[in-house]
Amino acid sequence: MRENKGSALGDIAAARPLLASSLVACGLTALAATAFRGAPSSFAMVSYAYLAALAVMTAAPAAIASLAPRNFWLRLFYAGVAAGLILAGRRIAMQSGFHPGSFRTDIALAGAAAATLFLSLGAPLWRGGLRLALVGLGAVVLGAAGGLSVIALEAARSGSAPAAGAALGLASASGAALSVIMAAGYAGAFAFGADGREAAGRAAQGAAAPGLFVLALSTLALAASAFVTDEQAGAAAIVASGAVAAALVSAIVMGAGALALKVPSEAIALEENRRRAALRPLLQALRAVGPPSASIAASAIFLILTVVAGFDAPSAATIAEIAVILAAFSAALIVFVSVRTALLLVLMLIIASRLTVWGVEQLFAEAPSESARVIALALDALLFSRLALAWRDNRNPRRKALDVTQRAITEGFFSYAAASVLAVATLAAPEAAGLWDGGADAALIAAAMAVIGGLAAPALMTAMGAVFGRD
Numbered sequence: 033m034r035e036n037k038g039s040a041l042g043d044i045a046a047a048r049p050l051l052a053s054s055l056v057a058c059g060l061t062a063l064a065a066t067a068f069r070g071a072p073s074s075f076a077m078v079s080y081a082y083l084a085a086l087a088v089m090t091a092a093p094a095a096i097a098s099l100a101p102r103n104f105w106l107r108l109f110y111a112g113v114a115a116g117l118i119l120a121g122r123r124i125a126m127q128s129g130f131h132p133g134s135f136r137t138d139i140a141l142a143g144a145a146a147a148t149l150f151l152s153l154g155a156p157l158w159r160g161g162l163r164l165a166l167v168g169l170g171a172v173v174l175g176a177a178g179g180l181s182v183i184a185l186e187a188a189r190s191g192s193a194p195a196a197g198a199a200l201g202l203a204s205a206s207g208a209a210l211s212v213i214m215a216a217g218y219a220g221a222f223a224f225g226a227d228g229r230e231a232a233g234r235a236a237q238g239a240a241a242p243g244l245f246v247l248a249l250s251t252l253a254l255a256a257s258a259f260v261t262d263e264q265a266g267a268a269a270i271v272a273s274g275a276v277a278a279a280l281v282s283a284i285v286m287g288a289g290a291l292a293l294k295v296p297s298e299a300i301a302l303e304e305n306r307r308r309a310a311l312r313p314l315l316q317a318l319r320a321v322g323p324p325s326a327s328i329a330a331s332a333i334f335l336i337l338t339v340v341a342g343f344d345a346p347s348a349a350t351i352a353e354i355a356v357i358l359a360a361f362s363a364a365l366i367v368f369v370s371v372r373t374a375l376l377l378v379l380m381l382i383i384a385s386r387l388t389v390w391g392v393e394q395l396f397a398e399a400p401s402e403s404a405r406v407i408a409l410a411l412d413a414l415l416f417s418r419l420a421l422a423w424r425d426n427r428n429p430r431r432k433a434l435d436v437t438q439r440a441i442t443e444g445f446f447s448y449a450a451a452s453v454l455a456v457a458t459l460a461a462p463e464a465a466g467l468w469d470g471g472a473d474a475a476l477i478a479a480a481m482a483v484i485g486g487l488a489a490p491a492l493m494t495a496m497g498a499v500f501g502r503d
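Residue 503, in our numbering, is where the sequence shown stops; the numbers in between run on with no holes.
Shown next as structure tokens:
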């Protein structure tokens, strides 16, 4: 595994955790106090609803799943009871007409139940990571307050804040995903011998590059979407960059600070070793069915299906979608410093987006909205970067293509799955708060893309490793 060297962000967050976290918290609090002072009361109520939706749909499922038992049957019972109680509360709220302000309990509790069920069932694969990510997920709520402040200030300056709900959803979902990815990086570094602060620094460094990548991509995605719909592209870019920056800085700095302050325990390494041991049957099956020749054939099938779906789908890719994919390749090329990594990420994006749009049109006879597709593309680009970077970091001239894929799957696949679940649930939070009507649609599209991309990733990794060689 390629060693992550330190960075300024990682050094500050890990070496001075209390100072760095206090500065971020005080800065976001001061920004919120300034922005909300002149904001109308209706905006304040919507903001409270959004923060509550984040707590219900992001932090609560992770906390519940982190307590799931290890025994399969007990875990199955636990997951069913937890999700059932949440759905029962949703039913009671709907029958009684309980909708405080703009907060929609039906969407919030449905998303929370789905996330709780999935995360609890797969708890042995990410339980330790979820426990380590709880502070980072809480910091996402603080970062959302900063994003709301940016929206309030921009609305006061220019009179409007285009795509505010979409920007908030993408920002918070990105912060939630990076919190889980950073926790997984910490557990892996600690299991390989790093001490607590060194592991926290490596985790922060590992999250910095994807964070910079999604910051650039989300800014362009929101600006392109606003430009196509004849809205103010400049204002949309300011809103997107401010909201995403607030969410990512709070999640990375405060999450890494909490990891650095955590007393090191052998239980972390034990949990990581158990997770890796649980993957052995999957890796053996992958070795049996996924040699380079079969992977090249599977990749060709995925690409052929993508081309067929592109021609068969009534709606072609829009200018905004094409711009996001091109920007994803350019940003990945610069930030990740690897042509192959950028190519892998873009291939996963193209395959997942075209097959998802085609499938939605076949099932519902209507294409998803452009804004939902663009936001889902940007979020899945961040999620796919987890797999692409794991593949890049494990490439070695002495390893065969399939060995690299197995190592990448071991290191990144299940943190990718947990991050995807939390990010998708978080993306629906703006609709639960009444900020964006397309939040749930974007979340469903992002979920479908994450599944398709995750299925295509092993074949693409092995095929590209075989085609381009081991260097």
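Even for Gly, the Cβ is constructed at its ideal location relative to N, Cα and C.
Check: To the nearest angstrom, how far is it from the Cα of valine 456 to the Cα of proline 429?
Finding: Taken atom to atom, the span from the alpha-carbon of valine 456 to that of proline 429 is near 36 Å.
Notebook entry, point to check: What residue range is occupied by the uninterrupted alpha helix (DSSP H) comprising tryptophan 158?
Noted result: 155 to 190
Item checked: Closest by C-alpha distance to tryptophan 468, when choosing among Leu117, Ala196, Ala57 -> Ala196
Next item on the list: On a CA-only basis, which of Gly217, Ala474, Ala332, Ala155 is nearest arginine 102? Give me that one, please.
Entry: Ala155
Notebook entry, point to check: Using a Cβ-Cβ cut-off of 6 Å (strictly less than) and excluding sequence neighbours within five positions of alanine 498, which residues of its own chain qualify?
Noted result: Pro324, Ala433
Note to self: I'd like to know whether the C-beta atoms of leucine 51 and threonine 458 end up nearer to each other than 8 Å.
What the structure shows: No, the Cβ-Cβ distance between leucine 51 and threonine 458 is not below 8 Å.
Note to self: Here's the rule I'm using: 16 or more other beta-carbon atoms within 10 Å means buried, otherwise exposed. How should glutamate 35 be labelled?
What the structure shows: For glutamate 35, the predicted structure reports a pLDDT of 45, less than 50, and the residue's modelled location is therefore unreliable. A value from the coordinates is still provided. Classification for glutamate 35: exposed.
Check: With arginine 136 and alanine 440 assumed to form a contact (beta carbons below 8 Å), what rounded beta-carbon distance in angstroms separates them?
Finding: Rounded, the Cβ-Cβ distance is 39 Å, inconsistent with contact.
Notebook entry, point to check: Which term fits alanine 65, buried or exposed, when burial requires 16 or more other beta carbons within 10 angstroms of its beta carbon?
Noted result: Its Cβ having fewer than 16 others within 10 Å, alanine 65 is exposed.
Next item on the list: Tell me whether valine 371 sits in a helix, a strand or coil according to DSSP, three-state version.
Entry: helix
Check: To which residues of the same chain is alanine 46 closer than 7 Å at the C-beta, ignoring the five residues directly before and after it?
Finding: Arg229, Ala232, Gly233, Ala236, Ala288, Ala292
Next item on the list: Please work out which residues of its chain come closer than 8 Å, Cβ to Cβ, to methionine 126, disregarding the five sequence neighbours upstream and downstream, and give them in chain order.
Entry: Within the same chain, Thr137, Asp138 come within 8 Å of methionine 126 by CB-CB distance, once the 5 residues on both sides are set aside.
Next item on the list: Taking all protein chains shown into account, decide if methionine 305 is buried (16 or more other Cβ within 10 angstroms of its Cβ) or exposed.
Entry: It is asparagine, not methionine, that sits at residue 305 in the sequence shown. Result: exposed.
Check: Are the region 218 to 226 and the region 107 to 121 touching, with three or more C-beta to C-beta distances below 8 Å?
Finding: no
Checklist line | Assumed close pair alanine 91, valine 173 - CB separation to whole angstroms, cut-off 8 Å | finding: 7 Å
Next item on the list: Give the single residue among Leu492, Ala144, Leu421, Thr251 whose Cα lies nearest to the Cα of isoleucine 333.
Entry: Leu492
Next item on the list: Would you check if the distance between the CB atom of valine 212 and the CB atom of serine 250 is smaller than 8 Å?
Entry: no
Margin query: The alpha helix (DSSP H) that contains methionine 89, what's its start and end?
Written below: Note, methionine 89: premise wrong, no alpha helix (DSSP H); not H, not E.
Check: From alanine 142 to glutamate 402, what does the alpha carbon distance come to, in whole angstroms?
Finding: The alpha-carbon of alanine 142 is positioned some 24 Å away from that of glutamate 402.
Notebook entry, point to check: When you compare only the Cα positions, how much space is there between alanine 310 and leucine 157?
Noted result: 8 Å
Check: Going by the beta-carbon positions, is the gap between alanine 171 and glycine 70 smaller than 8 Å?
Finding: No.
Next item on the list: Whole angstroms is fine: what's the gap from proline 490's alpha carbon to aspartate 344's?
Entry: 26 Å
Item checked: Run of the alpha helix (DSSP H) containing asparagine 426, from where it starts to where it stops -> 402 to 426
Next item on the list: Reducing DSSP to helix, strand and coil, say where lysine 37 ends up.
Entry: Low local confidence applies: a pLDDT of 49 at lysine 37 is under 50, so the model's placement there is unreliable, with the coordinate-based value given in what follows. If DSSP states are grouped into helix, strand and coil, lysine 37 belongs with coil.
Notebook entry, point to check: Exposed or buried, glycine 225, counting other C-beta atoms within 10 Å across all chains shown (16 or more means buried)?
Noted result: exposed
Next item on the list: Determine the direct distance from the alpha carbon of glutamate 186 to that of leucine 335, and round the result to whole angstroms.
Entry: 42 Å
Margin query: At the level of alpha carbons, what is the spacing between leucine 153 and glycine 191?
Written below: 46 Å
Next item on the list: Measure the alpha-carbon distance for leucine 365 versus valine 371 and round it to whole angstroms.
Entry: The straight-line gap from Cα to Cα measures roughly 6 Å.
Checklist line | CA-to-CA distance, proline 296 to alanine 290, given in whole angstroms | finding: 12 Å
Note to self: On the CB-based measure, 16 or more other CB atoms within 10 Å of its CB, does tryptophan 390 come out buried or exposed?
What the structure shows: buried
Next item on the list: Rounded to whole angstroms, what's the CA-CA distance from leucine 151 to valine 88? Just pull it up for me.
Entry: 14 Å
Notebook entry, point to check: Just how far apart, CA to CA, sit alanine 330 and methionine 496?
Noted result: 12 Å
Margin query: Please tell me whether alanine 410 and valine 271 are closer than 8 Å, where the distance is taken between their beta carbons.
Written below: no
Item checked: Three-state secondary structure (DSSP) of valine 295 -> coil
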